[in-house]
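Working notes, beginning with the structure itself.
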Amino acid sequence: MAGRALVLIGFMGSGKSSVGRLVSERLSVPRFDTDELVSAQMRLSISEIFSRFGEEHFRDAESEALAALSGTEASVIVTGGGIVLRPANVERCKTLGTIAFLTADEETIFRRVSRRSSRPLLQTENPRTTLSELFQQREPLYRALADFEIDTTSLDHSAVADALMAHLSPVTS
Ligand code: S3P
């Protein structure tokens, strides 16, 4: 049986966390966020995990957090932007339920992520170039995994949540 979760994927700054919160409230279903699960498990912020243990360690913990989730019950699952980097995560996501890709144009993403300096992957000499490279690398991966996508470029979180709700029969039925 197909999973009953709504899984949000997409680049950092695509609004997954905020929209995931809204949709889980509106549907009265639990929300699981892989970043929050990893952070709680290790009792460290994501930035601290990257700086103390490195990206691979974070990726291992992220994969474990995802593998521990189940699509048996209706829920909203928010994933970190790098979840698509490992094929095992991609396969896992497919078992969990309906997969929504939240996207936005690159400039908009850059503007949104620049408001906060908490993204370890963008702590480089030229964050704009880094973002562009990551964006090009990942966009096809998100697209290949998603059941549908929503362009959030000119939408606020509430409007994105509305658009998502319109696709949700597997979660709500
Ligand atoms: C990452 C995105 C972050 C977090 C970590 C790595 C990525 O999550 O998992 O900093 O590789 O894109 P958000 O997508 O919620 O920002």
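Its first residue numbered 45, the sequence shown is counted upward by one per residue in this note's numbering. Just so you know, even glycine gets a beta-carbon here, dropped at the ideal spot from N, CA and C.
According to DSSP, residues forming a beta bridge with residue i
i    : result
L52  : V122, A144
I194 : L146
R103 : DSSP, once it has assigned bridges, lists no residue as partnering R103.
Continuous alpha helix (DSSP H) stretch holding residue i: start and end
i    : result
R130 : Counting along the chain, R130 falls outside any alpha helix (DSSP H), and DSSP gives it neither H nor E.
D206 : 201-209
E69  : 60-71
E117 : Note, E117: premise wrong, no alpha helix (DSSP H); not H, not E.
S91  : 90-97
Beta-carbon proximity list for residue i, same chain, < 8 Å, skipping 5 on both sides
i    : result
S62  : H201
I93  : V82, S83, M86, H101, F102, A105
F179 : F55, E150, I153
Rounded separation between residue i and residue j - CA only
i    : j    : result
K60  : G54  : 7 Å
L212 : L50  : 8 Å
R75  : G47  : 15 Å
T168 : L175 : 10 Å
E108 : A118 : 20 Å
S162 : P171 : 12 Å
D195 : Q85  : 32 Å
D77  : S158 : 22 Å
T142 : T173 : 32 Å
G98  : R160 : 20 Å
E135 : A188 : 12 Å
Residues near residue i by beta carbon distance below 6 Å, same chain, minus five either side
i    : result
K138 : none
E193 : F145, T147
T197 : A148, D149, T152
Residue i and residue j closer than 8 Å at C-beta
i    : j    : result
V67  : A205 : yes
L113 : L140 : yes
A144 : L208 : yes
L52  : I121 : yes
L129 : R103 : yes
P164 : S83  : no
R182 : G57  : no
Run of the beta strand (DSSP E) containing residue i, from where it starts to where it stops
i    : result
R160 : Neither: R160 is in no beta strand (DSSP E) and is coded neither H nor E.
R75  : 75-77
Same chain only: Cβ atoms within 7 Å of residue i, ignoring 5 sequence neighbours per side
i    : result
S217 : Residue placement at S217 cannot be trusted, given a pLDDT of 49 that sits under 50; what the coordinates show is reported in the next sentence. There are no such residues.
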